[in-house]
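Asker:
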Amino acid sequence: MQTTTSAPSLVQDTRAVDLINQSRKLMSQRTLDIDNLFGIRLSYARWLLILALGIYYFLGQSLNGGILTFTNPALLLTGGYIVFNMVVWLLTLSFSKQASLLIKVSLVFDLIFVCMISHFLQASIYSFAVIPVFLTLLLVGLSPAIFSIIVVVVVNFTDLYLTNFGVANTKDIMLLEFYSISGALLLLLVCYYIITQTPEALIRISNTMVEDALARAGESHLLDMQNRTRAVYHVANTLSGTLDYQEVIKAILHEMESVFDMHCGAVLLFDSSLNNVKVVDSLRFSPEESHRSILLQKGLFKDALNGGQPRLLVVPTELEEIRAFFPSLRNCQTTMLIPLRAGMEVFGLLLIASKNENAYNTSDTELMISMGAHTVLAMQNATLYHNLLEDRNKLLTQEEEVRHELARNLHDGPAQAVAAISMQTEFIRKLFRTEPDRALEELANLGKQALQTSREIRTLLYELRPLVLETQGLIPALGQYAKRFPHNPSDPTAHFSTANFDLRLAPQVETMVFTIIQEAVNNARKHARARNIWIHLETRDGFIIAMAQDDGRGFDVSQVERNYEQRGSLGLTNMRERAGFVGGQVDIHSVIGQGTAVIMRIPINENTVLQPGSTVSQETF
Numbered sequence: 001m002q003t004t005t006s007a008p009s010l011v012q013d014t015r016a017v018d019l020i021n022q023s024r025k026l027m028s029q030r031t032l033d034i035d036n037l038f039g040i041r042l043s044y045a046r047w048l049l050i051l052a053l054g055i056y057y058f059l060g061q062s063l064n065g066g067i068l069t070f071t072n073p074a075l076l077l078t079g080g081y082i083v084f085n086m087v088v089w090l091l092t093l094s095f096s097k098q099a100s101l102l103i104k105v106s107l108v109f110d111l112i113f114v115c116m117i118s119h120f121l122q123a124s125i126y127s128f129a130v131i132p133v134f135l136t137l138l139l140v141g142l143s144p145a146i147f148s149i150i151v152v153v154v155v156n157f158t159d160l161y162l163t164n165f166g167v168a169n170t171k172d173i174m175l176l177e178f179y180s181i182s183g184a185l186l187l188l189l190v191c192y193y194i195i196t197q198t199p200e201a202l203i204r205i206s207n208t209m210v211e212d213a214l215a216r217a218g219e220s221h222l223l224d225m226q227n228r229t230r231a232v233y234h235v236a237n238t239l240s241g242t243l244d245y246q247e248v249i250k251a252i253l254h255e256m257e258s259v260f261d262m263h264c265g266a267v268l269l270f271d272s273s274l275n276n277v278k279v280v281d282s283l284r285f286s287p288e289e290s291h292r293s294i295l296l297q298k299g300l301f302k303d304a305l306n307g308g309q310p311r312l313l314v315v316p317t318e319l320e321e322i323r324a325f326f327p328s329l330r331n332c333q334t335t336m337l338i339p340l341r342a343g344m345e346v347f348g349l350l351l352i353a354s355k356n357e358n359a360y361n362t363s364d365t366e367l368m369i370s371m372g373a374h375t376v377l378a379m380q381n382a383t384l385y386h387n388l389l390e391d392r393n394k395l396l397t398q399e400e401e402v403r404h405e406l407a408r409n410l411h412d413g414p415a416q417a418v419a420a421i422s423m424q425t426e427f428i429r430k431l432f433r434t435e436p437d438r439a440l441e442e443l444a445n446l447g448k449q450a451l452q453t454s455r456e457i458r459t460l461l462y463e464l465r466p467l468v469l470e471t472q473g474l475i476p477a478l479g480q481y482a483k484r485f486p487h488n489p490s491d492p493t494a495h496f497s498t499a500n501f502d503l504r505l506a507p508q509v510e511t512m513v514f515t516i517i518q519e520a521v522n523n524a525r526k527h528a529r530a531r532n533i534w535i536h537l538e539t540r541d542g543f544i545i546a547m548a549q550d551d552g553r554g555f556d557v558s559q560v561e562r563n564y565e566q567r568g569s570l571g572l573t574n575m576r577e578r579a580g581f582v583g584g585q586v587d588i589h590s591v592i593g594q595g596t597a598v599i600m601r602i603p604i605n606e607n608t609v610l611q612p613g614s615t616v617s618q619e620t621f
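Mapping of the sequence shown onto full-length UniProt numbering: residues 1 to 621, in sequence order.
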């Protein structure tokens, strides 16, 4: 049976398909959620405010020759702000669903901190206030951001007016506040423009990245398909160029290594007992493992063979069971067992192993099955070729046996008879000179001898090619064959009978039945010492029954069949094989001292019975 395999170009690469589906899903998301894009991470920008304040404060103290004390209000306020940010950070991690709300609430405390720290530092800190205002713009919107900058400006103006200046310096303070507000608003507008354009920019960048990923995935998928196609082509080329299945197995393991993530591999086939599987070829197995035989009592190997489906092993207990047989797999985290089967017949297992976890997907498994099918096909081809050679040798042996049989029959029968006639003729010629009366008597005996010789020759020709079988069918042919007995005084008497038989069989079936009956009769003549041979033909229960039975001395059938290897003749086996050519079978029953019966059963169907309107071809025989 040939196994049809699909081309690897038609096998979907699920890894590429998954990547493409994910990319398409990403491309379909045309809107961006600010919280999702930036989320909690952008809220961490407040730590920049703390860092800037620390640098500002400590540099100012150093330049002014001040002394740093831990009781300084600005330092204490900054420490409290650090604790506050830590609490907010932990809350956002613990309550992720409310993280957005927590961040927005924390912005209020950011503004309060900026305003309070400005008083203790005794300076306007609009540059520091940009950070919470920027976060407000980013996470809440433009209006709250404008409100935030107004609050900062008003607080700083009031603080500066009351502490550092006076009414006389109002003009300078207003000018300072104007520049500060203008700068802050300009910065807000720039930030607002960036923020409003960021989603579209990110979408464009995302689309570009997705398209690039799709292109790379397509190239990778195409390269993978090319490698798989090349592997299948090389295996098929090896298969078509050799009848040695072991060469095909070696090529399959080599190509699988180039296509799959494969560290070790082996092909295990049933031995002659069908109770063990043996490693016939392997990759990176130790010399001992390369010839190991496994008894199929129970376990993963037996389960995989009985199930008939690929078995992926990733569970540690299953992997340890395999490693017990093959220690070379000790570093492998994934093992695949693929039955080598054709129809209902299983030949063995293909073992593939990888050091990586989950190394094989669905498309890998399908290609492994396809490659394994080439192994099965190679084995079937090798088996068919082996059987063809056996059949050819059997035909040559049978032909040689027929030649020897014909030579013996001619030598023992007509050849000796003709030689005797020649000698008798010379004797009669001399006898005519002295005893004419006796010569006439001997001449009459010579005529009888010549007639018997002629009859033996015609019988021999009839056995070689019974023309009546071709023209009239099996019943007349067997009837005439039975009437020709006895040939010699030692021959048994043949009796022919039929029952419920009115069919004309197909030419090849009639020839086969006649040949087997003829061989059974000849065996009885030569070996059975029988007095009678009964030839019977009938139809019963949908079968053609042909039987040749004698009353000879019988024999031990099992002993004869056991001794066939030491004998030159395979008569009983030949009869069974000939019947098998037309779907029939031959049973031989014999009891020592009670004779032998050769019974042939052939099913009645369109292949064995001559259909109405069909003609018998003379060239068939």
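Glycine included, every Cβ here is placed at the ideal spot set by N, Cα and C.
1. Could you check if residue 548 is buried or exposed, using at least 16 other CB atoms within 10 Å of its CB as the buried criterion?
2. When burial is assigned at 16 or more other CB atoms within 10 Å of the CB, is residue 499 buried or exposed?
3. How about residue 329 and residue 322: are their beta carbons less than 7 Å apart?
4. Under 7 Å between the Cβ atoms of residue 492 and residue 533?
5. Report back the beta-carbon spacing between residue 266 and residue 279 to the nearest angstrom; my notes put them in contact at under 8 Å.
6. Which of the three DSSP states is assigned to residue 339 in this structure?
7. Residue range of the beta strand (DSSP E) that residue 520 falls in?
8. Does the separation of the CB atoms of residue 600 and residue 546 fall below 7 Å?
9. Excluding sequence positions up to five away, which residues of its chain have a Cβ less than 7 Å from the Cβ of residue 439?
10. So within the segment 551 to 593, which uninterrupted beta strand (DSSP E) runs reach at least 3 residues, ignoring any that extend past its ends?
11. Buried or exposed: where does residue 541 fall if 16 or more other Cβ atoms within 10 Å of its Cβ makes it buried?
12. If residue 253 and residue 281 are in contact, beta carbons under 8 Å, what's the gap, nearest whole angstrom?
13. Between the C-alpha atoms of residue 501 and residue 536, what's the straight-line distance to the nearest angstrom?
14. Below 8 Å on the Cβ atoms is my contact criterion, and I expect residue 359 with residue 334 to pass it. Report the Cβ-Cβ distance as a whole number of Å.
15. Consult DSSP for residue 148 and reduce its assignment to one of helix, strand or coil.
16. Can you tell me the Cβ-Cβ gap for residue 256 and residue 371, rounded? I've got them flagged as a contact below 8 Å.
17. Looking at residue 595 and residue 551, is the spacing between their C-beta atoms short of 7 Å?
18. Rounded to a whole number of angstroms, what is the C-alpha to C-alpha distance between residue 301 and residue 326?
19. Would you kindly check if the distance between the Cβ of residue 347 and the Cβ of residue 337 is under 7 Å?
20. Assign residue 287 to one of three DSSP states: helix, strand, or coil.
21. Quick one: measure Cβ to Cβ for residue 375 and residue 249, integer angstroms, because I've assumed they're closer than 8 Å.
22. Alpha carbons only, please: which of 292, 356, 457 is nearest the one belonging to residue 263?
23. Does the beta-carbon of residue 467 have 16 or more other beta-carbons within 10 angstroms, so that it is buried, or is it exposed?
24. Starting from the C-beta of residue 424, find all residues in its chain whose C-beta is less than 8 Å away, skip the five residues before and the five after it, and write them out in chain order.
25. Please list the terminal residues of the continuous beta strand (DSSP E) segment that includes residue 598.
26. Could you pull the start and end residues of the beta strand (DSSP E) that residue 532 belongs to?
27. Could you pull the DSSP bridge partners for residue 254 from this structure?
28. CA-CA distance, residue 504 and residue 349?
Answerer: Per the coordinate set shown:
1. Taking the first residue of the sequence shown as position 1, residue 548 is located at position 548. Residue 548 is buried by the Cβ-count criterion.
2. Within the sequence shown, the letter at position 499 stands for residue 499. Exposed: under 16 other Cβ atoms inside 10 Å.
3. Taking the sequence shown and counting its residues from 1, one reaches residue 329 at position 329. Taking the sequence shown and counting its residues from 1, one reaches residue 322 at position 322. Closer than 7 Å, so yes.
4. As a working note, residue 492 is residue 492 in the sequence shown. As a working note, residue 533 is residue 533 in the sequence shown. Closer than 7 Å, so yes.
5. What you label residue 266 is simply residue 266 of the sequence shown in a count that begins at 1. What you label residue 279 is simply residue 279 of the sequence shown in a count that begins at 1. Yes, they are in contact, since the Cβ atoms of residue 266 and residue 279 sit about 5 Å apart, within 8 Å.
6. Numbered from 1 along the sequence shown, position 339 holds the residue referred to as residue 339. Strand, per DSSP.
7. Residue mapping note: residue 520 aligns to position 520 of the sequence shown, counting from 1. It is not in any beta strand (DSSP E) - residue 520 instead sits in the alpha helix (DSSP H) that spans 507 to 523.
8. What you label residue 600 is simply residue 600 of the sequence shown in a count that begins at 1. What you label residue 546 is simply residue 546 of the sequence shown in a count that begins at 1. Yes, Cβ-Cβ distance for residue 600 and residue 546 is below 7 Å.
9. Sequence index remark: in the sequence shown, residue 439 carries index 439 (1-based). Around residue 439: 428, 431, 432.
10. 585 to 591
11. Against the sequence shown, residue 541 aligns to sequence position 541. With fewer than 16 other Cβ atoms within 10 Å, it is exposed.
12. For the purposes of this step, residue 253 is taken as the residue at position 253 of the sequence shown. For the purposes of this step, residue 281 is taken as the residue at position 281 of the sequence shown. Right, their Cβ atoms sit about 6 Å apart.
13. Mapped onto the sequence shown, residue 501 falls at position 501. Mapped onto the sequence shown, residue 536 falls at position 536. Their Cα atoms are separated by approximately 10 Å.
14. Counting from 1 along the sequence shown, the entry for residue 359 is found at position 359. Counting from 1 along the sequence shown, the entry for residue 334 is found at position 334. Yes, they are in contact, since the Cβ atoms of residue 359 and residue 334 sit about 4 Å apart, within 8 Å.
15. Numbered from 1 along the sequence shown, position 148 holds the residue referred to as residue 148. It is helical.
16. On the sequence shown, residue 256 is found 256 positions in, with the first residue counted as 1. On the sequence shown, residue 371 is found 371 positions in, with the first residue counted as 1. Residue 256 to residue 371, Cβ: 6 Å. Contact.
17. In the sequence shown, the residue the question calls residue 551 occupies position 551. In the sequence shown, the residue the question calls residue 595 occupies position 595. Contact: yes.
18. If you number the sequence shown from 1, residue 301 lands on position 301. If you number the sequence shown from 1, residue 326 lands on position 326. Using only the alpha carbons, I get a separation of about 12 Å.
19. For the purposes of this step, residue 337 is identified with residue 337 of the sequence shown, where counting begins at 1. For the purposes of this step, residue 347 is identified with residue 347 of the sequence shown, where counting begins at 1. The answer is no: Cβ separation not under 7 Å.
20. Position 287 of the sequence shown holds residue 287. Here residue 287 sits in coil by DSSP.
21. Counted from its first residue, the sequence shown places residue 375 at position 375. Counted from its first residue, the sequence shown places residue 249 at position 249. Confirmed, Cβ separation roughly 6 Å.
22. For this step, residue 263 is matched to residue 263 along the sequence shown. Cα-wise, what sits closest to residue 263 is 356.
23. The residue given as residue 467 occupies position 467 in the sequence shown. Its Cβ having fewer than 16 others within 10 Å, residue 467 is exposed.
24. As a working note, residue 424 is residue 424 in the sequence shown. 442, 445, 446, 449, listed in sequence order.
25. Working through the sequence shown from its first residue, we reach residue 598 at position 598. Unbroken beta strand (DSSP E) run through residue 598: 595 to 603.
26. Here residue 532 refers to the residue found at position 532 of the sequence shown. Per DSSP, residue 532 belongs to the beta strand (DSSP E) from 532 to 540.
27. Counted from its first residue, the sequence shown places residue 254 at position 254. None, per the DSSP bridge assignment.
28. Walking along the sequence shown from the start, residue 504 turns up at place 504. Walking along the sequence shown from the start, residue 349 turns up at place 349. Roughly 49 Å separates the two Cα atoms.
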